[in-house]
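Residue numbers (UniProt numbering): 1 to 204.
Okay, structure first, notes after.
Next comes the structure, spelled out in structure tokens:
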């Protein structure tokens, strides 16, 4: 449908959803397929966003085109820092060193990665990609998996990490954080219901 509707993209929730870039939301198409999509298109919210997109100038036109090599380098710096448990703040210091060492590099020249940007790349790019990569592998190979969670008190808030474990044929046992949520209740029934909802969100 992406050829017919330019604003439609693949959803991270799986094949039973599509992502509307105009409304920044996932659309459930499990019931009527294209009918569900047409229902969303006819909604007032979508119509309003569609009109706004038509009359508005894309903000990207006001900025310099970002070199893909620079973006890749920034993502690489953030990934390396996370893997070795370095702080986001340390990345900015590392980038400044790179600019000094690689003075002749156009990539190093345009490289910027402060604390806020590093966190944004981690939360909005690397984390979703990593989660989706694990989920796709589990689904493609029809694998069994185990799930673990436990409440951890942070002040008056109860936090629940949701960790999945499975066996990868090439890399062995894998663990990954599927989600991290807070809930004021920690009864077995509430925890179980929350787990089912989280798995449903990822089309499991």
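For every residue, glycine included, the Cβ atom is placed at its ideal position computed from N, Cα and C.
Check                                                                                                                 : Outcome
Bounding residues of the alpha helix (DSSP H) (the contiguous stretch that carries residue 93)                        : 88 to 101
Between the CA atoms of residue 86 and residue 198 - distance to the nearest angstrom                                 : 29 Å
Contact between the region 110 to 130 and the region 186 to 197 (3+ Cβ pairs under 8 Å)                               : no
Residue burial classification, residue 177 (beta-carbon count within 10 angstroms, cutoff 16)                         : exposed
Spatial neighbours of residue 73 in its chain, beta-carbon cut-off 6 Å, leaving aside the 5 residues before and after : 107, 111
DSSP bridge partner residues for residue 174 (one or two, in chain order)                                             : 166
Own chain partners of residue 16 with C-beta closer than 7 Å, once the 5 adjacent residues on each side are dropped   : 28, 29, 30, 203
Cβ-Cβ distance between residue 9 and residue 19 below 8 Å                                                             : yes
Alpha-carbon spacing of residue 166 relative to residue 173, whole angstroms                                          : 6 Å
Sequence-distant residues of the same chain with beta carbon closer than 8 Å to residue 102, five excluded per side   : 108
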